[in-house]
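A.B. asks: Quick note: to get our numbering, add 1 to the position in the sequence shown (first position is 1). We put the beta carbon where it would ideally sit given N, CA and C, even for glycine.
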Amino acid sequence: MRYYETLYIINPNLAEEDYRVVVSKFTDVVEKNKGVVTKVDEWGKKTLAYDIKKFDKGFYVLLQFCGEADLTAELKREMGLDDRILKYQTIKLSDNADLEKLKPKPEPIKAESVEAESAETESVEAESVEVKSIEAESVETESIGTKSVEAVEKTADSEETGAKGEGEKDGL
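#1: I'd like the span of the beta strand (DSSP E) that includes residue 71, first residue to last.
#2: Drop a sphere of 10 angstroms on the beta-carbon of residue 98, count the other beta-carbons inside from all chains shown, and report buried for 16 or more, exposed for fewer.
#3: Let me confirm a value: residue 36 is counted as buried when at least 16 other C-beta atoms fall within 10 Å, else exposed. Which label applies?
#4: Could you work out which residue in 46, 28, 49 is closest to residue 39 when comparing CA atoms only?
#5: Between which two residues does the alpha helix (DSSP H) carrying residue 214 extend?
#6: Are residue 6 and residue 86 touching if we call contact CB-CB under 7 Å?
#7: Mind checking which residues open and close the alpha helix (DSSP H) that includes residue 85?
#8: Our contact map puts residue 58 next to residue 49 with C-beta atoms below 8 Å; I'd like the distance itself, whole angstroms only.
#9: By the three-class DSSP mapping on this structure, what secondary structure does residue 33 have?
#10: Can you tell me the Cα-Cα spacing of residue 69 and residue 60, whole angstroms?
#11: For residue 8, report the span of its beta strand (DSSP E) as first-last.
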């Protein structure tokens, strides 16, 4: 099987459910023509480089799939007939594609959410350790500041007593 990707731009004025209908329509076209969809990447609403059919924005969708040459012809025909599609382009990525390598491996949703939660917990714990160390440094600074104030006061006291003591000795 050949490996293709089609990038198409959908009318930006469509409602969310109409947008979903268009995306599912073209994935169904691929599957009905004995193709295998490997990835549907929705890029969202973007500004176009130039106006297309009097639109300056559009919904970008990247469809990656495997199939035979006649599949691309049918996809082109369907996109040309659909007024909701502003522009499209299909590129052949490979002549002989291995479906096992291209298909996304299904990962359990629970495993991802557990990993994400543990990663968030670790980052929060790391931040709290940083905050505690910063607080400890500020406490040390305060205690150093207090000691230095006490040292300055003692020095000032000793200078005053030293000056009086010297004066008394001179007066005798």
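C.D. replies: To lay it out plainly:
#1: It is not in any beta strand (DSSP E) - residue 71 instead sits in the alpha helix (DSSP H) that spans 70-82.
#2: buried
#3: buried
#4: 28
#5: The question about residue 214 has no answer, for the chain in this structure spans 2 to 173.
#6: no
#7: Segment: none, residue 85 is in no alpha helix (DSSP H) and carries neither H nor E.
#8: 6 Å
#9: helix
#10: 27 Å
#11: 3-11
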